[in-house]
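Residue numbers (my numbering): 1333 to 1401.
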């Protein structure tokens, strides 16, 4: 084994490591990622359909309650 080969020494805290800080990682540009765009649109569509279903069910419930009176 070559003596000049760099290696990771867990007990040496003075070495200059080139590990990337997780807080410094650049975020993925979401508008350029088609899957992120698709997922956002799907979640928004699902939310809108749930709201519409809830409103329809509430109208039906109100009609049933008004019919009983």
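Here a beta-carbon is modelled for each residue, glycine too, at the ideal position from N, C-alpha and C.
DSSP places residue 1365 in the coil class of the three-state scheme, outside both helix and strand.
When DSSP states are grouped into helix, strand and coil, residue 1391 belongs to the helix group. In this structure, the CA atom of residue 1401 is about 13 Å from the CA atom of residue 1393.
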